[in-house]
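Student:
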Amino acid sequence: DLNRNFPDLDHIMFGYEQAHIDHNNHLLAMVDRLKEPIQPETKAVMRLIMKVPFVLSANLHGGDLVANYPFDASRSGDLTEYSQSPDDQTFRHLALSYATHHADMSLVDRPGCGDGGYNFGKQGGITNGAAWYSIEGGMQDFNYLSSNDFEITLELGCDKYPKADQLQLEWEKNKDALMHFMWQAHIGVKGDVMDAVTGRPLPNSVIHVKNVTGGQDTDIKHDITSVHDGDYYRLLTPGEYEITAQQDGYQPQTQKVVVVDNPHQPAQRLDFKLAPLPPFQETMMLSSPGGSISAPDYEMYDEAMREKISNTLSKKWLYSRMYKRNA
1 DLNRNFPDLD
11 HIMFGYEQAH
21 IDHNNHLLAM
31 VDRLKEPIQP
41 ETKAVMRLIM
51 KVPFVLSANL
61 HGGDLVANYP
71 FDASRSGDLT
81 EYSQSPDDQT
91 FRHLALSYAT
101 HHADMSLVDR
111 PGCGDGGYNF
121 GKQGGITNGA
131 AWYSIEGGMQ
141 DFNYLSSNDF
151 EITLELGCDK
161 YPKADQLQLE
171 WEKNKDALMH
181 FMWQAHIGVK
191 GDVMDAVTGR
201 PLPNSVIHVK
211 NVTGGQDTDI
221 KHDITSVHDG
231 DYYRLLTPGE
241 YEITAQQDGY
251 QPQTQKVVVV
261 DNPHQPAQRL
271 DFKLAPLPPF
281 QETMMLSSPG
291 GSISAPDYEM
301 YDEAMREKIS
311 NTLSKKWLYS
321 RMYKRNA
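Heads up: the sequence shown begins at 1 in full-length UniProt numbering, then just goes up one per residue.
Here you go:
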């Protein structure tokens with residue numbers, strides 16, 4: 001099953017949590033061993049995820065009717081356990097955005113799949129992955145923990161292999177949901193991170209979010225990074241947030257933003273212009289405001305793939321690459 005064949009990044013993160021280490025994103029470079037060989041198809045998908053800066057995605061399955069969201073792996077090892085990601089609220093929104101626009105997925109009175117199968121419509125047509133059943137090496141968790149991508153898994157019907165004459169009906173059931181889901185790439189904020197002096201883009205800047213809605217003061221412990229041209233996209237549900245952009249050799253900048261529900265409109269714009277630090281203050285900053293190690297760039301990931309990610313990628317090697325990249 002190729003949806004069990006991705007590197008298990010969940011347990012790397014869970015181990016960091018137990019050790020009180022806030023390294024919670026872009027974890028592929030931390031892989032030092034694999035339980036089984038990575039198949040060619042899996043490698044091809046991994047390369048695609050590393051090269052293309054996805055914001056939102058879904059993988060499509062059959063066999064049940066539900067929108068499944070991270071995490072797929074349980075923290076305790078139990079077979080069924082709600083396993084909350086740092087972006088649980090956003091992932092629930094994304095799953096509901098599909099389920100509630102599908103013809104049948106969220107119906108409370110529809111039958112479940114198979115004899116005595118559970119009707120997920122009773123819970124809005126969505127489920128946390130591990131609360132349903134825990135798996136390791138799933139694609140949605142890998143994408144979330146290795147890149148900037150937010151992915152969910154869509155189970156589109158009880159029949160894994162619908163007959164050809166049923167495909168038009170299945171398309172009609174899913175068409176609106178697919179289109180509405182794609183619009184969710186515009187929730188939250190987006191912008192550019194630039195050098196305040198030269199105006200040049202700053203790729204690989206760390207974007208950290210703190211939720212301050214209603215007086216709370218909660219770090220969302222999942223940072224993203226700006227991509228090739230310094231642009232970033234951070235999916236968020238409505239609320240008030242403090243967003244910090246940080247880049248090695250620059251003064252971090254924090255801005256407050258109120259995210260509103262604005263369907264079918266572009267994400268709110270929030271640009272950052274970072275001031276260079278004076279030469280005597282220019283130091284290598286290895287952690288974001290949330291404590292996360294700055295993400296290596298896409299080129300490094302691709303190299304790691306070529307060198308077979310089963311090889312040990314030591315922290316010393318990672319840091320030396322980061323110094324070289326920012327020199």
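Idealized CB from N, CA, C, for every residue including glycine.
Name the residue from Ser57, Arg4, Asp22 and Leu274 whose alpha carbon lies nearest to the alpha carbon of Ile12.
Tutor: Asp22
Student: Rounding to the nearest angstrom, what Cα-Cα distance links Asp141 and Gly239 in this structure?
Tutor: Straight-line spacing of the CA atoms in Asp141 and Gly239 works out to 25 Å.
Student: Going by beta-carbon coordinates alone, are Thr237 and Gln89 separated by less than 9 Å?
Tutor: yes
Student: Ser74 and Ser134 - do their beta-carbons sit closer together than 9 Å?
Tutor: yes
Student: Indicate whether Tyr233 and Asn148 have their beta-carbon atoms separated by less than 9 Å.
Tutor: yes
Student: Excluding the five sequence neighbours on either side, which residues of its own chain have a C-beta within less than 6 Å of the C-beta of His101, listed in chain order?
Tutor: Excluding positions up to five away in sequence, the list reads Asp176, Ala177 and His180.
Student: Run through DSSP, which three-state label would Ala73 get?
Tutor: coil
Student: Considering Val193, what are the terminal residues of the beta strand (DSSP E) in which it resides?
Tutor: Per DSSP, Val193 belongs to the beta strand (DSSP E) from Val189 to Asp195.
Student: In three-state DSSP terms, what is Arg33?
Tutor: coil
Student: What does DSSP give as the partner residues of Gly214 in its beta bridges?
Tutor: Looking at the DSSP assignment, Gly214 forms no beta bridge with any residue, so it has no partner.
Student: Per DSSP, what kind of secondary structure is Glu136 in: helix, strand or coil?
Tutor: coil
Student: For a test of the three-state rule: what should DSSP assign to Lys221, helix, strand or coil?
Tutor: For Lys221, the three-state secondary structure derived from DSSP is strand.
Student: Give, in chain order, every unbroken run of the beta strand (DSSP E) that is at least 3 residues long and sits entirely within the segment 80-143.
Tutor: 126-128
Student: Whose C-alpha, out of Glu136, Cys113, Gln255 and Pro7, is nearest the C-alpha of Gln39?
Tutor: Pro7
Student: So, do the segment 52-69 and the segment 155-163 have three or more beta carbon pairs nearer to each other than 8 Å?
Tutor: yes
Student: For Val197 and Tyr241, which I take to be in contact (beta-carbon distance under 8 Å), what is that distance rounded to the nearest angstrom?
Tutor: Actually they are not in contact, since the Cβ atoms of Val197 and Tyr241 sit about 27 Å apart, beyond 8 Å.
Student: Return the chain-ordered list of same chain residues with a C-beta closer than 7 Å to the C-beta of Lys221, the five sequence neighbours on each side being excluded.
Tutor: Asp22, Asn24, Pro86 and Gly290
Student: Please list the segments of the alpha helix (DSSP H) lying wholly inside the segment 146-189, counting only runs of 4 or more residues, in order along the chain.
Tutor: 167-183
Student: For a test of the three-state rule: what should DSSP assign to Phe272, helix, strand or coil?
Tutor: Note: Phe272 maps to strand in three-state DSSP.
Student: Could you tell me if residue 365 is buried or exposed, where buried requires 16 or more neighbouring beta carbons within 10 angstroms of its beta carbon?
Tutor: The first residue shown for the chain is 1 and the last is 327, placing residue 365 beyond what the model contains.
Student: Between the C-alpha atoms of Ala67 and Lys35, what's the straight-line distance to the nearest angstrom?
Tutor: 28 Å
Student: Do Pro203 and Asp223 have their C-beta atoms within less than 9 Å of each other?
Tutor: The Cβ atoms of Pro203 and Asp223 do not sit closer than 9 Å to each other.
Student: Do Ala95 and Ile152 have their CB atoms nearer than 9 Å?
Tutor: Contact annotation: Ala95 and Ile152 have beta-carbon atoms nearer than 9 Å.
Student: In this structure, does DSSP put Thr237 in helix, strand or coil?
Tutor: coil
Student: Asn3 by DSSP, collapsed to three states: which one?
Tutor: helix
Student: Tell me Val206's beta-bridge partners as DSSP assigns them.
Tutor: In the DSSP assignment, the residues bridged to Val206 are Thr225 and Gln246.
Student: Lys273 and Met194 - do their beta-carbons sit closer together than 9 Å?
Tutor: For Met194 and Lys273, yes; Cβs fall inside 9 Å.
Student: Check Pro201 in the structure and name its three-state DSSP category.
Tutor: strand
Student: Name the one or two DSSP bridge partners that Gln265 has.
Tutor: Its beta-bridge partners do not exist; DSSP assigns none.
Student: Go to His61, then tell me how far its beta strand (DSSP E) extends in each direction, as first and last residue.
Tutor: Leu56 to His61
Student: One question on the structure: do Asn262 and Gly137 come within less than 9 Å of each other, judged by their Cβ atoms?
Tutor: no
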